[in-house]
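Start counting at 1 in the sequence shown, then tack on 35, and there's your number in our numbering.
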Amino acid sequence: MNRRNRILIVIAVVATLGGLACYFGKTKEPRSQGRSLTQWLQVYCKTFPTQWIPPELGKPDMSFQTAERVVKGMGTNAIPTLLKLSQAEDSPAKLKLLAYLRRQSVIRYNYLYAEERRDLAANGFGMLKEDALPAVPALVELTKSKGQEIRLHALRCLIIINPSRDQLLPVLLRACRESDSKMRHVATANLQALYPEEAEKAHVHDPLQLRPFVTNAPESTKESLK
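So this is what it looks like as structure tokens:
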């Protein structure tokens, strides 16, 4: 394929992705200090320290703290965008186009994959904490989505948000019976940690012994997880 045809293909791909971006951008994002919510979430994820940095190696980038304050300040206004990000999906055809676009060097196009968008949403819900509670009903519905990754993402977000027992327990019990093994294992591990008596009644156990990511487990359970 000659250079002219490659350029035409790239332009067509960019136009397609631009249209998709406009579509997904229908939910107007809150902004602060010249950045959108998604951009602040990216700052947080890129600069959050994943390990301890010795002082002699220099001062770590603390931009994640600013990003966290900004996102928390947006409060419930951030929920529509976070729910939109939570529903991001990439079709096989789109993934092929993105793979080609990232290999070429004629045009640079910064596009977030669906998995990256969902990860941003999970971090956003984690920062909002109790302010994210109004998103719980929508996330419960997303645990019934046809998309496997969206169902799993929604379940994880619900566990991160830590809603009431009446809201979370039925979701965990239903997810424990899922055909999808990832969904089933995450639900089972967290059901055992959060509601051990209910897990015993339901006769569910996690054969993989996955470590749950819980915030409201009984103290005795937390001690056993250390």
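Idealized CB from N, CA, C, for every residue including glycine.
Keep in mind that this is a model prediction, so the values were computed, not measured.
- Our two residues, LEU226 and LEU208, have alpha carbons roughly 8 Å apart in a direct line.
- Straight through space, the alpha carbons of LEU132 and LYS63 are spaced by roughly 26 Å.
- In terms of Cβ geometry, THR116 and SER98 do not form a close pair [threshold 8 Å].
- One thing to note: VAL106 has its Cβ within 8 Å of the Cβ of MET162.
- One alpha carbon belongs to ALA128, the other to LYS236, and they sit about 45 Å apart.
- With a cut-off of 8 Å on Cβ pairs, the stretch 202–219 is not in contact with the stretch 149–164, counting fewer than three such pairs.
- Where VAL171 is concerned, the enclosing alpha helix (DSSP H) starts and stops at 171–177.
- Pairing SER121 with ARG152, the inter-Cα distance amounts to about 7 Å.
- In the three-state reduction of the DSSP assignment, ARG137 falls in the helix class.
- Around the Cβ of TYR230, a 10 Å sphere holds 16 or more other Cβ atoms; the residue is buried.
- The continuous alpha helix (DSSP H) containing CYS80 extends over residues 72–82.
- Contact between LEU177 and PRO198 is absent: CB atoms are separated by about 14 Å, not below the 8 Å threshold.
- Less than 8 Å separates the beta-carbon of SER67 from that of GLY108.
- In the structure shown, SER121 falls within a helical segment according to DSSP collapsed to helix, strand and coil.
- Assignment of SER199 by DSSP, reduced to helix, strand and coil, places it in the coil class.
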